[in-house]
Amino acid sequence: MNLANVLLARATGRSHDTAIRAALGAGAGRLVRQALVEAAVLAFAGGLLGAAAAYLCVRFVLAAAPVNLPRLDEIAVDGAVLLFALLVSALTALLFGALPAWRFARAQPLDALKSGGARIMAASTLLRLRGALVAAEVGLSAALLVTAGLLISSFARLMNADKGFQVERVLAADFALPSTKYGKPEQRASFNDRLLEKVRSIPGVVSAGTISLLPLGGESNITILTLPGDRQPIFERPLAAFRIVSPDYFRTLGIPLRRGRIFEDRDRSRRTIVLSARAAERLWPGEDPVGKQLHDGDTDDPLMEVVGVVGDVRVASLDKEPGLAMYYPHWHGRVRSRASLVVRTGMDPLAAANAVRGAVWGIDSDVPVPEIRTMQEVVNASVAQRRFQMALVAAFALAALLLTSVGIYGVVSYTVARRRNEIGIRMALGARAADVRGMVLQQGMVPVTAGLAVGLAGALALGRLLESLLYQVKPADPPILAAVMAVLGAVALAACWMPAHRATHTDPIPALRYE
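Numbering (my numbering), first residue to last: 1 to 515.
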């Protein structure tokens, strides 16, 4: 759109020159070809620079993108992208470069050569078109800025959501036990016991625990909760995510105990479980679940005794409310070969990373520890795609805001330049600088105001499409809409102010001499 405005300005400014050429015998085809060649050179030079910049930007985007982004390997500046850029450049050159030249070439040269004729021919239609382009730019920028604002607000609310656990000074280390050495559940439970004892002896470690799958690890390891004597169809019974944990896991992650107690050594010979608060309320609404029993699966499966209830944790992701959860002790028969160790420290948790890895290898050097990270990094990784989407849209919105401000400035500056003589005459007749400044600002802000209105309507429609991506933010969030309108209005006003201020310094003497 900015290129279109540049080409329209060139066509308007050269209308008198075009009229002279036509009067000297140049045909309409020749005039159009000349304008088309000049526009094509400008458009394609910009297109090539844009393609080169896009290539560099895509490399940066790929480096910053999360590794689990779908079809990441297909993102590239390929032939289809280059063809699109070529077509956009060509259409812009044709529509806004050649068509105005064709229009001027078909006009009567005598009328154009008369005093003021060129200005009369150029003024009305093309200036209205340029104003419409500015309004469209403002509208598109408003839609992008609102989208970015909604995503940023949604992301901020998501990161501040109650996760159900604490991430400060907590280290997480994944490990996998070789099946050749630890094929039996009791062997895996023995390794966990020795590992936790060794990790707790590390200086600076406050507590440590293990879990089969870290929070925010996704919806997996699901089981059916069945009360004794329940005869309803199995697909109507509640589902819960089950996790295998050590007793100190809850203290390490700061998950509060609501009722009863946590697992103890005396439970090793018993079938005990701990439920989340939502699971307990779902099974026994308004009752104390401690001491009650349930089946892990169908009624044919063994009964499990509930010894405690803990707070709800967001198991799958931050943007999903906590579901039902059930916790087995790590000496339970379901204990897995893959697990995660969580360690709370009184210092920077990464400072204990080598000591934790050494504790694992001190028990068995064949146990791989593929990754050690903080729980804050675990949380960040769970929202990596959402953060990437937000950053990408915000970058596009800022680029659109910059281009829009350039476009508004260019249109207003050109309008002031065209009216320099008129402004000089007004000032010679007594117009004050404030009057001239107000006139220029008013005329410059008219298309901006129209664009803001259209952009606001488009942003409301776009917000409904984004509703599934938003967390606790309404598509028509008044503070965000007001902030975007204020930012765009301020940028547009600043872009109009500079030409308006410059117009107040117009010398009336040259204008009077010209007239």
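Where is the CB? At the ideal position from N, CA and C, for every residue including glycine.
If you check the CB distance, Ala-172 and Leu-214 come in under 7 angstroms. Taking a contact to require three or more Cβ pairs closer than 8 angstroms, the segment 303-323 and the segment 265-276 qualify as touching. Rounded to the nearest whole angstrom, the CA to CA distance from Leu-48 to Phe-84 is 12 angstroms. In terms of Cβ geometry, Gly-458 and Ala-143 form a close pair [threshold 7 angstroms]. Counting other Cβ atoms within 10 Å of its Cβ, Ser-468 stays below 16 and is therefore classed as exposed. Taken through DSSP and simplified to helix, strand or coil, His-501 comes out as helix. Val-170 sits close to Met-375, with the two beta carbons spaced by under 7 angstroms. Burial check for Met-427: the Cβ neighbour count within 10 Å reaches 16 or more, so the residue is buried.
In this structure the segment 289-299 does not lie against the segment 438-458, because fewer than three pairs of beta carbons, one per stretch, are closer than 8 angstroms. If you draw a 10 Å sphere on the C-beta of Gly-25, you find fewer than 16 other C-beta atoms in it, and that means exposed. For the pair Ser-154 and Val-473, the CB atoms are nearer than the 7 angstroms cut-off. Look at Ser-413 here: in three-state DSSP terms it is helix. Straight through space, the alpha carbons of Val-134 and Asp-319 are spaced by roughly 38 angstroms. Under the 10 Å beta carbon count, Asp-312 is surrounded by 16 or more other beta carbons and is classified as buried. Pairing Ala-90 with Glu-74, the inter-Cα distance amounts to about 27 angstroms. The three-state secondary structure of Pro-329, taken from DSSP, is strand. With contacts defined by Cβ atoms closer than 7 angstroms, Leu-452 and Val-138 form a contacting pair. Secondary structure of Asp-73 (DSSP, three-state): helix.
Ranking Ala-316, Ser-337 and Gly-489 by CA distance to the CA of Leu-441 puts Gly-489 first. Contact annotation: the segment 359-377 touches the segment 194-203, with at least three C-beta pairs closer than 8 angstroms.
According to the DSSP assignment, Arg-261 belongs to no beta strand (DSSP E), since it is labelled neither H nor E. With a beta-carbon spacing of about 24 angstroms, Arg-259 and Gly-297 fall beyond the 8 angstroms limit used to define contacts. Taking C-beta atoms as the reference points, Ser-246 and Thr-210 count as a pair closer than 7 angstroms. In the three-state DSSP reduction, Met-485 falls in the helix class (H, G or I). With a 10 Å radius around the Cβ and a threshold of 16 neighbouring Cβ atoms, Asp-435 comes out exposed. The C-beta distance from Ser-207 to Arg-373 rounds to 18 angstroms, too long to meet the 8 angstroms contact threshold.
DSSP places Arg-357 in the uninterrupted alpha helix (DSSP H) bounded by 353-363.
Between Ala-503 and Ile-423, the C-beta gap is smaller than 7 angstroms, which places the two residues in contact.
Residues Ser-337 of the same chain have their beta carbon placed closer than 7 angstroms to that of Ser-179, with the five preceding and five following residues left out of the count. Note on geometry: alpha-carbon atoms of Leu-86 and Gly-46 lie some 10 angstroms from one another. If you draw a straight line from the Cα of His-332 to the Cα of Asp-300, it is about 18 angstroms long. Rounded to the nearest angstrom, the gap between the Cα atoms of Pro-475 and Leu-460 is 7 angstroms. Following the DSSP letters along the chain, one finds Val-342 in no alpha helix (DSSP H) but inside the beta strand (DSSP E) bounded by residues 338-345. Around the beta carbon of Ile-234, a 10 Å sphere encloses fewer than 16 other beta carbons of the protein chains shown; the residue is thus reported as exposed.
Comparing alpha carbon positions, the residue from Arg-128, Leu-341, Gly-217 and Phe-165 closest to Phe-191 is Leu-341. When Cys-57, Arg-128, Ala-355 and Ala-65 are compared, the shortest CA-CA separation from Val-369 is found for Ala-355.
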